[in-house]
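Right, one structure below, let's go through it.
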Amino acid sequence: MVIFTKMKITKPKHFNFQYCLEYFSRSPKEKCHSVIENSILKAIQIDDSNLLIRVSEDKNAIKVDVLNKTIGSKDKTKLKSLLTEWFDLETDLSSFYKSISKQDPSYSVILANKGLRLIKELDLFEALTWAIIGQQINLNFAYTVKSNFVENYGTKLLWEGKNYYYYPRPKQVLSISDESFKSMLFSKQKAKYLREVAKYCLENSEAKSRLIKMDIEKAQEELMTIKGVGTWTANYVLMRCLHFTNSLPAKDVALQNVIRLIYKLDKKPKAEELILKTKHWNGWESYRTFYLWHYLSKLKK
DNA sequence: AGCCAGGTGTACA
DNA sequence: TGTACACATGGC
488 MVIFTKMKIT KPKHFNFQYC LEYFSRSPKE KCHSVIENSI LKAIQIDDSN
538 LLIRVSEDKN AIKVDVLNKT IGSKDKTKLK SLLTEWFDLE TDLSSFYKSI
588 SKQDPSYSVI LANKGLRLIK ELDLFEALTW AIIGQQINLN FAYTVKSNFV
638 ENYGTKLLWE GKNYYYYPRP KQVLSISDES FKSMLFSKQK AKYLREVAKY
688 CLENSEAKSR LIKMDIEKAQ EELMTIKGVG TWTANYVLMR CLHFTNSLPA
738 KDVALQNVIR LIYKLDKKPK AEELILKTKH WNGWESYRTF YLWHYLSKLK
788 K
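Dropping the structure here:
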């Protein structure tokens, strides 16, 4: 096999690539990346060129191979920053671990996953629509819907006989008929929400870079002006896409269930109760949530 | 059979 | 402010 461009990125302190693989193996229905032999394959776009990259590791470095093209040094730099954002390589996890006392009920659960980094959604439209797809339904069904959506409206990159998909773009979403949404198993309201998000993204092309710079409250407020984006969806996007470390999806049933487990509560806490119980998470709400989700997904297996 | 899954908007009082 | 309700499917 020809590899066109090879790159290495130094691993930061506290980085466990196996956890990345676990994360990306969550669902066999996932179409926007594949996990093959301890590596992650993903179609990405840099400027206007369509690349297929393979991410793996050796002892000291994260290895990034571009499988379908040769790229110049400018694009290599862009690829490196893309990877840095995607795997959240710049967060200082030492201070995260230091912020957790040994008496903390979730201490052992979190420290057991040392080196797990909060995997980011690079694209705001993808983050918003994926969150909406996942509202109220179980994750497995959410992946079914996403898979239908990506297969029907995503762009394909063909490489060695296999299709790698790009997530659908806002403009394409506006052309989807009610019947087509229905056949992909979207509810009527979610179809409507997706159109709302598509309009927002088309009218605010610089939204991501703008929102990242805002106060979390202001950013959340703006996201929630979109019909279909409530507090949960906004929280999800703030943590998974907009780099806020202090976003707490208190209305999240999965998070409520883990808290119930860890604190041995009779029933799952309501959002208000969860907010009180997590006061000491201050500053690391997003990371804590991501770790607990990861813990839960491993429990289920 | 009925309830719960990584919720939200709308309709009422 | 607070509560009821529809919405999609699937697993238990």
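When you read off a place in the first sequence, starting at 1, and then add 487, the result is the number in the numbering used here.
Where a beta carbon is used, it is the ideal one built from N, C-alpha and C, also for glycine.
Review point. What's the C-alpha gap between Leu725 and Leu580?
Key: Walking along the first sequence from the start, residue 725 turns up at place 238. Walking along the first sequence from the start, residue 580 turns up at place 93. For Leu725 and Leu580, the distance between alpha carbons rounds to 19 Å.
Point to revise | Cα-Cα separation between Val637 and Trp617, rounded to whole angstroms | key: Position 150 of the first sequence holds residue 637. Position 130 of the first sequence holds residue 617. Roughly 11 Å between the two C-alpha positions.
Check your understanding: Quick one: is Leu433 buried, meaning 16 or more other Cβ sit within 10 Å of its Cβ, or exposed?
Key -> Residue 433 is absent from the structure shown; the chain starts at 488 and stops at 788.
Point to revise | Coil, strand or helix - Arg604 by DSSP | key: To locate residue 604, count along the first sequence from 1; it is residue 117. Of the three classes helix, strand and coil, the one that applies to Arg604 here is coil, per DSSP.
Exercise for review: Return the chain-ordered ranges of every alpha helix (DSSP H) run that is complete within the stretch 699-782 and spans a minimum of 4 residues.
Suggested key: 703-710, 718-727, 740-750, 758-764
Point to revise | The beta strand (DSSP E) enclosing Glu544, as first and last residue numbers | key: Locating residue 544 in the first sequence gives position 57, where the first residue counts as 1. Looking at the DSSP string, the run of the beta strand (DSSP E) that includes Glu544 is 536-544.
Review point. What are the uninterrupted segments assigned as beta strand (DSSP E) that are 3 or more residues long and contained completely in the stretch 623-670, given in chain order?
Key: 642-646, 649-653
Check your understanding: Ordered along the chain, which non-local residues of its own chain (more than five positions away) have a Cβ less than 8 Å from that of Phe565?
Key -> Residue 565 sits at position 78 when you count from the first residue of the first sequence. Correcting the residue identity first, residue 565 is Lys in this sequence and not Phe. Hits under 8 Å: Ile533, Asp534.
Review point. Roughly how many angstroms lie between the CA atoms of Ser593 and Ile749, to the nearest whole one?
Key: Numbered from its first residue, the first sequence carries residue 593 at position 106. Numbered from its first residue, the first sequence carries residue 749 at position 262. One C-alpha to the other measures close to 7 Å.
Practice item. Could you tell me the distance, in whole angstroms, from the CA atom of Arg604 to the CA atom of Asn503? Key: Taking the first sequence and counting its residues from 1, one reaches residue 604 at position 117. Taking the first sequence and counting its residues from 1, one reaches residue 503 at position 16. Distance between the alpha carbons of Arg604 and Asn503 is about 8 Å.
Practice item. Tell me, please, which residues DSSP counts as bridged to Ala548. Key: Against the first sequence, residue 548 aligns to sequence position 61. Paired residue(s): Thr497.
Point to revise | Spatially closest choice to Val716 from Leu742, Ile558, Leu681, by CA coordinates | key: Locating residue 716 in the first sequence gives position 229, counting from the first residue. The residue with the shortest Cα to Cα distance from Val716 is Leu681.
**Study point:** Neighbourhood of Glu666 by C-beta distance below 8 Å, restricted to the same chain and skipping five residues each side
**Key:** Numbered from 1 along the first sequence, position 179 holds the residue referred to as residue 666. Excluding positions up to five away in sequence, the list is empty.
Practice item. Verify whether the separation of the beta carbon atoms of Tyr640 and Lys516 is less than 8 Å. Key: In the first sequence, residue 640 corresponds to position 153, counting from 1. In the first sequence, residue 516 corresponds to position 29, counting from 1. No. Outside cutoff.
**Study point:** Local conformation of Thr492 per DSSP, three classes
**Key:** For this step, residue 492 is matched to residue 5 along the first sequence. The answer is strand: DSSP assigns Thr492 an E or B state.
Check your understanding: Quick one: what's got a C-beta closer than 8 Å to Ala678's C-beta in the same chain, skipping five residues either side?
Key -> Residue numbering aside, residue 678 sits at position 191 when the first sequence is read from its first letter. Same-chain partners within the cutoff: Ile663, Asp665, Phe668, Lys669.
Review point. Where does Leu528 fall in DSSP's three states?
Key: In the first sequence, the residue the question calls residue 528 occupies position 41. The answer is strand: DSSP assigns Leu528 an E or B state.
**Study point:** Bridge partner(s) assigned by DSSP for Val522
**Key:** Start at 1 with the first residue of the first sequence, and residue 522 comes out as number 35. Beta-bridge pairing links Val522 to Ile527.
Point to revise | Thr712 burial status per 10 Å Cβ neighbour count (16 or more: buried) | key: For the purposes of this step, residue 712 is identified with residue 225 of the first sequence, where counting begins at 1. Thr712 should be labelled exposed.
Exercise for review: On a CA-only basis, which of Asn635, His501, Ala548, Asp610 is nearest Phe583? Give me that one, please.
Suggested key: Taking the first sequence and counting its residues from 1, one reaches residue 583 at position 96. Looking at the Cα atoms, His501 is the closest of the given residues.
Point to revise | Member of Gln590, Ala741, Asn722 whose CA lies at the smallest distance from the CA of Asn625 | key: Taking the first sequence and counting its residues from 1, the one referred to as residue 625 is at position 138. The candidate whose alpha carbon is nearest that of Asn625 is Ala741.
**Study point:** 8 Å Cβ cutoff met for Leu576 and Pro499
**Key:** As a first step, residue 576 is located in the first sequence; it is residue number 89 there, counting from the start. As a first step, residue 499 is located in the first sequence; it is residue number 12 there, counting from the start. Contact flag set, yes.
Exercise for review: Give every residue of the same chain whose Cβ lies closer than 6 Å to the Cβ of Phe491, excluding the five residues on either side of it in the sequence, and list them in chain order.
Suggested key: Mapped onto the first sequence, residue 491 falls at position 4. Closer than 6 Å at Cβ, skipping near neighbours: Val553, Lys556, Thr557.
**Study point:** DSSP beta-bridge partners of Ile533
**Key:** One-based indexing of the first sequence puts residue 533 at position 46. Answer by DSSP bridge pairing, in chain order: Ser536.
**Study point:** Stretch-stretch touch, CB-based, cutoff 8 Å, three pairs: the stretch 773-783 with the stretch 599-614
**Key:** yes
Practice item. List the whole-angstrom C-beta distance separating Asn650 from Lys658, where the pair is believed to meet the contact cut-off of C-beta under 8 Å. Key: The count along the first sequence starts at 1 and reaches residue 650 at position 163. The count along the first sequence starts at 1 and reaches residue 658 at position 171. Going by Cβ atoms, the distance from Asn650 to Lys658 rounds to 21 Å, so no, they are not a contact pair.
Point to revise | Start and end residues, alpha helix (DSSP H) containing Asp483 | key: The chain is shown only over 488 to 788; residue 483 falls outside these bounds and no answer can be derived.
**Study point:** According to DSSP, residues forming a beta bridge with Val684
**Key:** As a first step, residue 684 is located in the first sequence; it is residue number 197 there, counting from the start. DSSP lists no partner for Val684.
Practice item. Please work out which residues of its chain come closer than 6 Å, Cβ to Cβ, to Lys755, disregarding the five sequence neighbours upstream and downstream, and give them in chain order. Key: As a first step, residue 755 is located in the first sequence; it is residue number 268 there, counting from the start. Answer for Lys755: Gln743, Asn744, Arg747, listed in chain order.
Check your understanding: By Cβ distance, which residues of its chain are closer than 8 Å to Glu772, with the 5 residues on each side in sequence left out?
Key -> Numbered from 1 along the first sequence, position 285 holds the residue referred to as residue 772. Met726, Thr732, Asn733, Ser734, Leu735, Thr765, listed in sequence order.
Check your understanding: Taking the alpha-carbon positions, what's the Leu611 to Glu693 distance?
Key -> The residue given as residue 611 occupies position 124 in the first sequence. The residue given as residue 693 occupies position 206 in the first sequence. If I take the Cα positions, the gap works out to 10 Å.
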